[in-house]
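Structure, as structure tokens:
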Amino acid sequence: MNFITVELAKVHKRESFECSHESLNNYLKLQATKETKRGLAKVYVAGNELDEVIGYYTLSSAELPRDSVPDKLLSKLPQSYSGYPAILIGRIAVTKNQVGKGVGGQLLVDAILRCVLHAESIGTSAILVDPIDGGAISFYEKFMFKQLPDSKRMLLKIDHNLKQHFSIE
Amino acid sequence: MEVQETARFDTKMSTVHKKMLEEAARLKGYKNLTEYVVTTMVEDATSVIDQYQKVMYSVRDKNRIMEILGQPTELSTSFLKASEGRNKQLE
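Read top to bottom, the protein sequences are chains V and U.
The opening residue of the first sequence carries number 24 in my numbering; numbering runs sequentially from there.
The opening residue of the second sequence carries number 362 in my numbering; numbering runs sequentially from there.
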């Protein structure tokens, strides 16, 4: 399976990265490496020919309450699990001069594919995102994510259609 | 730029500890002890909160999760288009 991103490494230049959210810029420059080392998140980046980061996303593990998950999905899960495992796309960002070229959508598809592949091994069907603002909500909605009324998180179910699209089954 | 409200935090510590913190602040190139302490603690607090923060789902959220996980995912035009664009990048 091929990806348009690789795991963040020393070679990647982050200084020139600038998107409209300061928190997403700072994350890449100050926190990303630390979080990776601590095993809190995995950071995947797309770079240009100069190894400058033009976009990135993070994946980490999350959990849904057992009593919110249909029995059919729970049946595959060991009883010892306190919750239903899920994968969280914590952050996704594209640098300013690449906006409008479809990079964000391609990164999201790339992230979804990684989740679909990983989902099999951890026994989940759920991908979560925490939208940063209204723009992010409409972006994720276009990619089939559905919003929860109170926590405002958004959820995508990994099912047969998605797996088939990626030729996984 | 947004002006942030400030608050005060006083603390007592041994002179040995204070000297040590000042030395560390100097070595790391901070302007002063305050800047060092605040930057370091905010960084640590952010990661602790991230690590321990568990989202609480309401009953309405749980019902919605149940609903979403019970339905098939119909692939959208945006998704298909982006996936095609992504494949082109890989060629």
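Positions of the beta carbon are idealized from the N, C-alpha and C atoms, including for glycine.
Exercise. Any chance you could list the alpha helix (DSSP H) runs of at least 4 consecutive residues sitting entirely within the segment 410-449 of chain U, in chain order?
Key: Within the segment 410-449 of chain U, the complete alpha helix (DSSP H) segments at least 4 residues long are 420-431, listed from N- to C-terminus.
Exercise. Reducing DSSP to helix, strand and coil, say where Lys-352 of chain U ends up.
Key: Chain U is shown only over 362 to 452; residue 352 of chain U falls outside these bounds and no answer can be derived.
Exercise. Please work out which residues of its chain come closer than 7 Å, Cβ to Cβ, to Lys-380 of chain U, disregarding the five sequence neighbours upstream and downstream, and give them in chain order.
Key: Closer than 7 Å at the Cβ level, and outside the excluded window around Lys-380 of chain U, lies no residue.
Quiz item: Can you list, in chain order, the residues of its chain whose CB lies under 6 Å from that of Val-16 of chain V, leaving out five sequence neighbours each side?
Solution: The question about residue 16 of chain V has no answer here: the residues shown for chain V are numbered 24 through 192.
Quiz item: DSSP state of Arg-114 of chain V, grouped into three classes?
Solution: Three-state DSSP puts Arg-114 of chain V in a strand.
Exercise. Would you identify the three-state DSSP class for Val-66 of chain V, choosing helix, strand or coil?
Key: Assigned with DSSP and collapsed to three states, Val-66 of chain V falls in strand.
Practice problem: Taking 8 Å as the threshold, find out whether the segment 151-167 of chain V comes into contact with the segment 101-119 of chain V through three or more Cβ pairs. | Solution: Counting Cβ pairs under 8 Å, three or more are found: they touch.
Exercise. Classify Asp-133 of chain V as buried or exposed, calling it buried when 16 or more other Cβ atoms lie within 10 Å of its own Cβ.
Key: Counting Cβ neighbours within 10 Å, Asp-133 of chain V comes out buried, since at least 16 surround it.
Quiz item: Does the count of Cβ pairs from the segment 50-59 of chain V and the segment 27-42 of chain V closer than 8 Å reach three?
Solution: Judged by Cβ distances under 8 Å, the segment 50-59 of chain V makes contact with the segment 27-42 of chain V, as three or more pairs qualify.
Quiz item: Ordered along the chain, which non-local residues of its own chain (more than five positions away) have a Cβ less than 7 Å from that of Asp-74 of chain V?
Solution: Cβ neighbours of Asp-74 of chain V beyond the five flanking positions: Val-34, His-35 and Lys-36.
Quiz item: How many Å lie between Ser-419 of chain U and Ser-91 of chain V at the Cα?
Solution: If I take the Cα positions, the gap works out to 10 Å.
Self-check item: With 16 other Cβ atoms within 10 Å as the buried cut-off, status of Met-362 of chain U
Solution: With a pLDDT of 48 at Met-362 of chain U, under the threshold of 50, the modelled position of that residue is not reliable, and no figure is offered here.
Practice problem: Using alpha carbons as the reference points, say which of U:Val-399, U:Ser-408 and U:Lys-392 lies closest to Glu-58 of chain V. | Solution: Of all alpha-carbon atoms in U:Val-399, U:Ser-408 and U:Lys-392, the one lying nearest the alpha-carbon of Glu-58 of chain V is that of U:Ser-408.
Quiz item: In terms of alpha-carbon separation, which member of V:Leu-96, V:Leu-171 and V:Ala-69 lies closest to Leu-451 of chain U?
Solution: Closest by alpha carbon: V:Ala-69.
Quiz item: For Gly-431 of chain U, which residues in chain V fall below 8 Å Cβ to Cβ?
Solution: Near Gly-431 of chain U (Cβ distances below 8 Å), the residues of chain V are Pro-93.
Quiz item: Does any CB atom of chain V fall closer than 9 Å to the CB of Leu-394 of chain U?
Solution: Judged by the 9 Å Cβ criterion, Leu-394 of chain U is not in contact with chain V.
Exercise. Note down the Cα distance separating Glu-445 of chain U from Leu-136 of chain V, rounded to an integer number of angstroms.
Key: Taking the straight line from one Cα to the other gives about 13 Å.
Exercise. Compare the C-beta of Asp-381 of chain U against all C-beta atoms of chain V and say whether one is closer than 9 Å.
Key: According to the sequence as given, residue 381 of chain U is Met; it is not Asp. No, Met-381 of chain U does not count as interfacial toward chain V.
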